[in-house]
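Step one of this worksheet: look at the structure below.
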Amino acid sequence: MMPLLMVMTLAGCAREPGLQARMRGYVGQPEQKLVQELGVPDKQIAVNGYEYLAYVRADTQFEPDISGPIWGPYGMPMMVGPDDVVVWRCEITFAVQNAKVLGVAFKGNACR
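Just so you know, the sequence shown maps onto residues 6 to 117 in the working numbering.
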């Protein structure tokens, strides 16, 4: 009973694999599986017998700049000044030859 409990406890601590680990799982797979699961690529080019399929993930966050102490109606702080804009982006490029994924590369600040 104790070993089963330990296994269940450790399984509960397991994390979902990160983006890079999940994308590396496509290496060696057919191109068809890649497109079926990730959809139509955002960019595509063929060079010297290789095809490169790129998927772009991007998210923009606005972080308000709260300067103070400036108080608005009802004692609420007012947001003043420019907002900070943070763009999180990851471009994932797969190299394909003969309809088989040969490799993957990552570019950007959100490729974890």
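We treat Cβ as the ideally placed atom computed from N, Cα and C, and that holds for glycine.
Check your understanding: Where does arginine 117 fall in DSSP's three states?
Key -> In the three-state DSSP reduction, arginine 117 falls in the coil class, being neither helix nor strand.
Review point. Can you tell me where the beta strand (DSSP E) with arginine 94 in it begins and where it stops?
Key: Judged by DSSP secondary structure, arginine 94 falls within the beta strand (DSSP E) whose first and last residues are 89-102.
Review point. In this structure, what does DSSP give as the bridge partners for glutamate 21?
Key: DSSP lists no partner for glutamate 21.
Point to revise | Contact check, proline 46 vs tyrosine 60, beta carbons under 8 Å | key: Yes, these two residues count as a Cβ contact at 8 Å.
Exercise for review: Please go through the segment 31-75 and give each complete beta strand (DSSP E) segment of 3 or more residues, from N-terminal end onward.
Suggested key: Unbroken beta strand (DSSP E) runs of no fewer than 3 residues, entirely contained in the segment 31-75, are found at 48-52, 55-68, following chain order.
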